[in-house]
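Taking it in order: structure first as structure tokens, then the write-up.
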């Protein structure tokens with residue numbers, strides 16, 4: 516349980532948000548060209564990191580906008596929040 | 016068994032004030048090399064080592080555990096055991112485990128307190144009724160005992176349930192598996208540890224895996240906090256931390272690790288003699304032999320390794336519990352905790368080889384791994400020893416995420432994941 520600083524609404528309780536999982540997984544540009552292995556990688560395989568993870572969140576019970584978060588999954592501390600389409604901060608590996 | 020437990024050993028030890036009981040399992044330092052190493056000393060890992068030694072004649076085995084054995088999800092679950100899954104592959108897997116449970120105390124000479132008190136799954140809307148009836152039929156076709164109960168029969172089987180039609184999610188019926196039940200979670204880990212240790216398996220606690228050494232496409236050993244250990248067979252049974260170990264070997268898994276919570280109440284006199292689960296409102300409850308209500312809540316929606324879980328999840332579960340069991344309204348909760356569960360996209364486990372030779376994974380049990388402990392260990396041991404899956408776990412391979420041949424138990428399992 517933690518607060519998330521929505522870039523549009525400010526600090527709100529995590530229960531207002533829904534997690535969209537790992538961020539920066541790019542949708543295949545030419546789906547018809549993809550092999551089964553590449554589909555599996557895109558659809559199912561996840562880094563599932565213990566530590567600093569880049570992820571997507573949706574303020575589903577608020578402004579309903581998507582944005583990105585950098586969070587340490589070992590202690591739930593949020594290190595950075597940035598909007599969709601922005602470059603991820605470079606100071607986190 | 017070197018020190019067989021029996022009524023005679025109990026009497027003998029009573030005469031010496033119970034001060035001379037032998038240590039149940041050894042506490043060795045790691046050797047330089049093993050034929051097989053199991054990463055993770057929970058129920059599944061210890062069972063794997065036990066069956067490797069017992070059925071596959073591998074003697075030089077180690078189990079590495081970063082904390083103490085049975086201290087992860089084995090010690091954190093709500094101990095429910097059932098096999099009423101929808102699909103044939105799952106029914107085969109979980110019923111294999113249930114059959115092993117039925118004889119486990121005798122097998123291990125260790126009382127795992129397996130109690131076939133029945134598990135009832137409630138239906139709260141018409142879709143639940145259709146799904147659960149379908150599952151009952153599927154179970155019976157697979158030789159698994161299952162019956163459909165209407166609302167009156169539910170009330171008769173568990174009188175404290177509020178079956179009033181006026182509650183928010185009224186009880187429209189339920190399914191019952193009478194062979195299902197509960198067991199003592201610690202005893203399972205301890206019993207398998209004792210049995211494995213007795214056959215020469217080294218159980219090494221406080222030994223964390225730091226890296227997996229690969230030579231091309233095969234494994235060569237494990238870097239640990241107690242130094243490097245050579246081996247060419249590694250079975251990873253690390254539950255919520257499976258992805259962490261996989262990443263060390265340069266492998267990605269289709270898993271997300273999330274906190275799952277449970278809580279127990281103060282102990283009271285016997286009030287509920289079965290296990291009642293409710294998918295739609297996500298509440299399940301049973302009563303431990305100590306008299307505590309054991310209540311299972313849901314998972315958080317996000318990846319986390321914190322072993323805590325969010326307050327709002329507990330709140331929602333307790334709301335549902337109070338509506339279904341108004342008699343519990345003044346009970347105090349004593350403890351709440353979280354465990355990290357590794358959830359697969361199809362809510363079915365992975366017991367599989369990988370494309371790295373000598374590296375095997377047993378993971379993805381998500382919110383329901385405890386019930387499968389003996390079966391999981393047995394089948395994983397078979398997979399490691401023969402480098403091929405047993406027919407019961409063939410469907411639970413890692414390649415199903417490439418082939419698309421998923422075992423989709425998400426909506427079909429008896430409880431939401």
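Protein chains in written order, with the working numbering: chain G, 516 to 608; chain B, 16 to 432.
Just so it is clear, CB atoms sit at the ideal spot from N, CA and C, and this is done for glycine as well.
- Residue environment for residue 541 of chain G: exposed (fewer than 16 other C-beta atoms within 10 angstroms of its C-beta).
- At the C-beta level, residue 323 of chain B and residue 353 of chain B come within 7 Å of one another.
- Secondary structure of residue 36 of chain B (DSSP, three-state): coil.
- Across the structure, residue 210 of chain B and residue 123 of chain B are spaced so that their CA atoms are roughly 6 Å apart.
- Between residue 291 of chain B and residue 135 of chain B, the gap from beta carbon to beta carbon is short of 7 Å.
- The stretch 225-236 of chain B makes contact with the stretch 262-280 of chain B; the number of CB pairs closer than 8 Å reaches 3 or more.
- Judged by their CB atoms, residue 138 of chain B and residue 101 of chain B are not nearer to each other than the 7 Å cut-off.
- Of the other Cβ atoms in all chains shown, 16 or more fall within 10 Å of the Cβ of residue 356 of chain B; this residue is therefore buried.
- Per the DSSP secondary-structure output, residue 239 of chain B pairs in a beta bridge with B/224 and B/242.
- Cβ-Cβ distances below 6 Å link residue 281 of chain B to 347 and 349 in the same chain, with the five nearest sequence neighbours on each side left out; the list follows chain order.
- Listed along chain G, the residues sitting closer than 8 Å to residue 360 of chain B by beta-carbon distance are 558 and 559.
- Secondary structure note for residue 299 of chain B: its beta strand (DSSP E) is the uninterrupted segment 298-302.
- At least one CB of chain B lies nearer than 7 Å to the CB of residue 588 of chain G.
- For residue 398 of chain B, the enclosing alpha helix (DSSP H) stretches over residues 388-401.
- Proximity of residue 269 of chain B to chain G, defined by a Cβ-Cβ separation below 7 Å, is satisfied.
- In the DSSP assignment, residue 197 of chain B is bridged to B/95 and B/130.
- Chain B places no beta carbon closer than 7 Å to that of residue 595 of chain G, leaving this residue out of the contacts.
- Using beta-carbon distances, residue 416 of chain B counts as an interface residue toward chain G, with a partner under 7 Å.
- For a Cβ distance threshold of 8 Å, residue set 256, 258, 259, 272 and 320 of chain B lies close to residue 565 of chain G, ordered along the chain.
- Put simply, the backbone Cα of residue 325 of chain B is about 16 Å away from that of residue 91 of chain B.
- Relative to the Cα of residue 331 of chain B, the nearest Cα in the group G/536, G/530, G/523 and G/546 belongs to G/530.
- In the structure shown, residue 117 of chain B adopts coil according to DSSP, grouped into three states.
- Residue 583 of chain G has G/571 and G/597 as its beta-bridge partners, per DSSP.
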